Every structure is written in C-alpha cells, then in structure tokens.
Amino acid sequence: MARFSVIYDACVLYPAPLRDCLLRLALTDLFTARWTDRIHEEWSGALLREGRIAGEKLMAVRDLMDACVRDAKVTGYESLIEGLELPDPNDRHVLAAAIRCNADAIVTFNLKDFPESALAAYGIDVIHPDDFIYYQVDMAPARCCEALRNQRLALRNPPFSVDEFLAALQKQQLPQTVSRLREFREFL
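Residue numbers (the numbering used here): 72 to 259.
Below you can see the structure in the form of structure tokens.
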C-alpha cells in the first residue's frame with residue numbers, strides 16, 4: 072500500500088471528468104486518496120442543487136467511490152475543527168481530516184484557502200490537481216497511462232478519441248498534465 076496520502080477537497084471531486092481521473096489514479100496504489108462524508112456532501116450537494124445528476128445516481132457514485140478506494144473514508148476528525156485557523160472557516164474540516172489521517176497533502180484548486188503558514192505545523196502541503204496528477208504521471212507513467220486509458224475507454228456515449236480525451240482533461244484546468252500525457256498518447 073502507498074505511503075503518500077492525500078485528502079481530495081470537494082472542488083476536485085465536483086467535476087465528473089476530474090473526479091474519475093483522480094479516482095482511477097487512486098486505484099494505482101501510487102498514493103492513498105482520502106475524503107470524508109462532509110467532503111462528499113459538499114461536492115454532491117453542489118451537483119444536486121444544480122440539478123446536474125439525480126440523487127439516486129449520485130448516491131451510487133458516492134457508494135462506489137467508498138467501496139473501490141481502500142480506506143478512503145476519514146472519520147473522527149470533527150473535534151479538531153474548532154481549534155484550526157484558515158482564511159475560510161468552512162475549509163477547516165478538510166484540514167482537520169488531513170491532520171486526523173496524517174495526510175501528506177490536500178489536493179485542491181483553492182490553494183489560497185490553505186496557506187502554508189496554517190499547514191506547516193502539521194507537515195501538510197497543499198497541491199493543485201494539475202501538479203498532483205503531473206507528478207503521478209512523471210513518477211509512474213505506465214501505471215498512470217493505463218488508468219487514464221481505462222478512463223477514456225469507459226467513455227462510450229459517445230466514445231472519446233485520445234485527442235478528445237486530452238481536450239476534456241484540458242478543460243479541467245490540467246494544462247501541464249495534458250502536455251505531459253501527449254508524450255504518451257499511444258498508451259492512452
């Protein structure tokens with residue numbers, strides 16, 4: 072099992088293509104992906120409010136995530152929340168969960184919400200999903216390309232060519248990842 076552990080913030084789980092990418096990469100065992108029920112509530116609640124997905128289907132996605140990614144669910148972090156200081160108090164639960172499970176990093180688009188000064192005491196870094204995925208691809212290109220190829224091939228309605236798949240990832244704010252993946256396009 073991987074020793075490097077990350078917490079996925081709700082903002083990286085909200086868009087389906089990025090969520091699928093991050094979950095498939097978690098299955099490579101290059102790292103351990105973690106989240107909480109509250110993080111689930113944030114990303115899935117936003118999708119429900121926008122009417123983007125039916126509630127039953129959303130629950131099935133959450134259940135599948137919890138079942139497929141080993142030891143993903145963090146519990147017992149709630150007592151830490153009140154003692155934490157972050158620019159947005161609503162993000163304290165993410166840091167509390169990261170502390171509770173000894174995560175090495177928080178994967179989020181909201182880097183400014185997790186300043187180094189607030190995380191340093193806990194040995195936790197904050198990382199943009201583009202940097203995070205790029206590092207995984209750089210470290211283990213064959214395993215990552217296999218996971219991403221599986222993601223692309225699962226897209227059947229309509230099917231995606233490699234270029235269409237890379238364009239979809241580009242739309243997820245992953246420019247350096249896409250640039251790196253172009254070097255491995257024949258494996259995608």
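Heads up, the beta-carbon is just placed ideally off N, CA and C, and yes, glycines get one too. From a predicted model like this one, the values you see are computed outputs, not experimental measurements.
So, under 8 Å CB-CB, residue 197 and residue 176 are touching, yes? Tell me the CB distance rounded to an integer number of Å.
7 Å
Under the rule that 16 or more other beta-carbon atoms within 10 Å means buried, what is residue 139, buried or exposed?
exposed
Once DSSP output is grouped into helix, strand and coil, what is the label at residue 144?
strand
For residue 194 and residue 212, what's the separation of their Cα atoms in angstroms?
27 Å
Return the CA-CA distance between residue 147 and residue 171, expressed in angstroms with no decimal places.
7 Å
Does residue 212 come out as helix, strand or coil in the three-state DSSP assignment?
helix
Quick one: what does DSSP say residue 176 is sitting in, helix, strand or coil?
strand
Would you call the CB atoms of residue 219 and residue 92 closer than 8 Å?
yes
Kindly examine the ligand GDP and report whether one of its heavy atoms sits closer than 7 Å to the Cβ of residue 246.
The ligand content of the structure shown is nil, which means the ligand GDP is not present either.
Quick one: using the 10 Å Cβ neighbour count with 16 as the cut-off for buried, is residue 123 buried or exposed?
exposed
Member of 233, 244 and 125 whose CA lies at the smallest distance from the CA of residue 256:
233
Of the choices 203, 180, 104 and 158, whose alpha-carbon is the least far from that of residue 188?
158
Go through its chain and collect everything with a Cβ distance to residue 46's Cβ below 6 Å, but skip five positions before and after it.
Outside the displayed span of the chain (72 to 259) sits residue 46, for which this structure offers no information.
Spatial neighbours of residue 113 in its chain, beta-carbon cut-off 7 Å, leaving aside the 5 residues before and after:
81
Where residue 196 sits in the DSSP three-state scheme
strand
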